[in-house]
């Protein structure tokens with residue numbers, strides 16, 4: 038929805054690929070995606086595909102941060118895997134790979150959390 042009657046970049050962008058999508062909050066992306074899903078033309082179908090890709094990527098980028106938050110809050114790996122609909126090995130391996138991309142301080146904290154993530158909470 039336009040803010041204060043003025044269209045935002047997401048409202049006016051012509052989207053045919055993920056790279057055409059302007060920086061926007063997730064809610065605005067979902068709203069625009071739904072607008073295109075309700076239409077039947079080729080341009081709208083391609084826009085819905087592109088927006089769906091951007092939304093999926095955004096959520097995937099957020100996942101390791103949420104896993105880290107869950108570990109900080111004392112979750113077990115079993116509960117995290119259940120919340121992700123995945124198995125322990127995959128979840129732990131994916132998190133370990135993600136920690137490799139962090140700076141040294143964040144990496145040390147993430148690894149410490151990963152090792153301590155066996156609580157029963």
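In the working numbering, the protein residues as written are 38 to 158.
Even for Gly, the Cβ is constructed at its ideal location relative to N, Cα and C.
The model shown is predicted, which means the values in this text are computed figures rather than measured ones.
Item, Value
"Which same chain residues, not among the five before or five after residue 83, have their C-beta less than 6 Å away from its C-beta?", "53"
"Taking the alpha carbon of residue 139 as the point to measure from, which residue in 102, 86 and 93 has its own alpha carbon closest?", "102"
"Tell me whether residue 114 is buried or exposed, calling it buried when 16 or more other Cβ atoms sit within 10 Å of its Cβ.", "buried"
"To the nearest angstrom, how far is it from the Cα of residue 120 to the Cα of residue 48?", "33 Å"
"Cα separation between residue 78 and residue 72?", "12 Å"
"Can you tell me which of 70, 133, 129 and 87 puts its alpha carbon nearest to the alpha carbon of residue 57?", "87"
"If we ignore side chains and look at the alpha-carbon of each, how far apart do residue 151 and residue 98 end up?", "18 Å"
"Which of helix, strand or coil does DSSP assign to residue 76?", "coil"
"Classify residue 35 as buried or exposed, calling it buried when 16 or more other Cβ atoms lie within 10 Å of its own Cβ.", "There is no way to answer for residue 35, as the model of the chain reaches only from 38 to 158."
"Going by Cα to Cα distance, which pick from 55, 153, 141 and 104 is closest to residue 91?", "55"
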